[in-house]
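If you read the sequence shown in this note's numbering, its first letter stands for residue 4, the second for the next number, and so on.
Where is the CB? At the ideal position from N, CA and C, for every residue including glycine.
Treat the numbers as computed from the prediction; the structure is a model and nothing was measured.
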Amino acid sequence: MTAALLGGRSMVDNVVDRMKAGVVTTGQLVVLSVESARYIATDIVSRRFSWTEFLLQAWFMTRVSLLPTILVSIPFGVITSVQIGAAANQIGAQSFIGAINGIGVLRQGAPLVTSLMIAGAVGSAICSDLGARTVREELDALKVMGISPTQRLVAPRVLAALLVALLLTIVCAMTAMVTAFAMVVGTGQISAGTYIESFVGLSQPTDLFLAEFKALIFGFIATIVAAHKGMSAKGGPKGVADAVNQAVVLSVILLAVVNVGITQAYVMLVPQGVA
4 MTAALLGGRS MVDNVVDRMK AGVVTTGQLV VLSVESARYI ATDIVSRRFS
54 WTEFLLQAWF MTRVSLLPTI LVSIPFGVIT SVQIGAAANQ IGAQSFIGAI
104 NGIGVLRQGA PLVTSLMIAG AVGSAICSDL GARTVREELD ALKVMGISPT
154 QRLVAPRVLA ALLVALLLTI VCAMTAMVTA FAMVVGTGQI SAGTYIESFV
204 GLSQPTDLFL AEFKALIFGF IATIVAAHKG MSAKGGPKGV ADAVNQAVVL
254 SVILLAVVNV GITQAYVMLV PQGVA
């Protein structure tokens, strides 16, 4: 009986500790987000922003994420066209395949694929880089010299991730939509004119704005989470590896939750079918 009580108490204490750690992590993420945004704005206005670091990080992020994004977008376009085409054939709505493909890719597919690439490829690289600097006490050395690690290292990476996320979303959307178009038209399900007409008739300019807005939010969240976990790494190489794993998992969870909220708000606030 006593052992059971002790086991139950230990489980409750563990849950409480995890909840407290979650609250602390949330607060630290909010603080880092505010500080990064403030440094970006003030440093650009005062002409102290590290554009060299920004360009280096933007090129690095593009180099590690562009090809994987394209390679993921192609099968995504194929799967979308096959599944939607099969469902449309069953209900006799072949003429709407283009609209459903295009709108689905713009509103959901492109931002999500981009966010996963940012969280997986870019975020893990940022976390491992900052984590290695942390365990080597380089960040402590910057603080001793009166230099803010957030201002020097995090802010340029955040701005670079925002730019790269915007561009990757366009690349992903175009790749997936061209692939879906080739699959549907190439297999003779509908003509090219019907496909394009249905897409143009039902899509809206706000769909593109939604995709880019999601890309900005997702890129910001993934970069902030990666930077926070990297700067909080402890315990040498193993600690850095654990931080990378935590950053990727937490980023994916947050991106999924935020995506649901943004999509629901868009459907409720933006009139559908009106350009």
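- With a cutoff of 9 angstroms on beta-carbon distance, Gly222 and Val188 are scored as not near each other.
- In the three-state scheme derived from DSSP, where H, G and I count as helix and E and B as strand, Arg51 is classed as coil.
- Burial state of Val161 is buried, judged by a 10 Å Cβ sphere holding 16 or more other Cβ atoms.
- By the Cβ criterion, the segment 130-143 is not in contact with the segment 74-81, since fewer than three pairs of Cβ atoms, one from each stretch, lie closer than 8 angstroms.
- For Met180, the closest alpha carbon among the candidates Ser53, Phe63, Leu219, Ile106 is that of Ile106.
- Under the DSSP assignment, Ile256 falls in the alpha helix (DSSP H) whose first and last residues are 239-272.
- Contact check for Phe184 and Tyr198: beta-carbon distance about 6 angstroms, within the 8 angstroms limit, so the pair qualifies.
- Rounded to whole angstroms, the separation of the alpha carbons of Ala24 and Val270 is 34 angstroms.
- A check of alpha carbon separations from Leu109 across Ala246, Ile265, Ile173, Leu257 identifies Ile173 as the nearest.
- The beta carbons of Thr137 and Ala236 sit closer together than 9 angstroms.
- Beyond the five residues adjoining it in sequence on each side, Ile220 comes within less than 8 angstroms, by CB distance, of Val261, Ile265 in the same chain, given in chain order.
- Under the DSSP assignment, Arg160 falls in the alpha helix (DSSP H) whose first and last residues are 158-189.
- In this structure, Asp210 is the residue among Ala218, Glu56, Asp210 with its C-alpha nearest to the C-alpha of Ala102.
- Of all alpha-carbon atoms in Ala113, Pro159, Gly204, Met148, the one lying nearest the alpha-carbon of Leu170 is that of Ala113.
- The beta carbons of Lys232 and Ala244 sit about 11 angstroms from each other, so the pair does not count as a contact at 8 angstroms.
- Assigned with DSSP and collapsed to three states, Ile193 falls in coil, not helix or strand.
- Straight through space, the alpha carbons of Gln207 and Gln267 are spaced by roughly 17 angstroms.
- In this chain, the alpha helix (DSSP H) harbouring Ser118 covers 113-120.
- Boundaries of the alpha helix (DSSP H) around Ser127: 126-138.
- Counting along the chain, the unbroken alpha helix (DSSP H) around Ile224 starts and ends at 208-234.
- The criterion of a C-beta distance shorter than 9 angstroms is satisfied by Val116 and Cys175.
- Of the other Cβ atoms in all chains shown, fewer than 16 fall within 10 Å of the Cβ of Pro240; this residue is therefore exposed.
- Ser151 carries a coil assignment under DSSP once its states are collapsed to helix, strand and coil.
- Boundaries of the alpha helix (DSSP H) around Gly101: 100-107.
- Out of Ser118, Ser68, Leu119, Leu156, the CA that lies nearest to the CA of Phe57 is found in Leu156.
- Between Leu258 and Leu119, the CB-CB gap stays under 9 angstroms.
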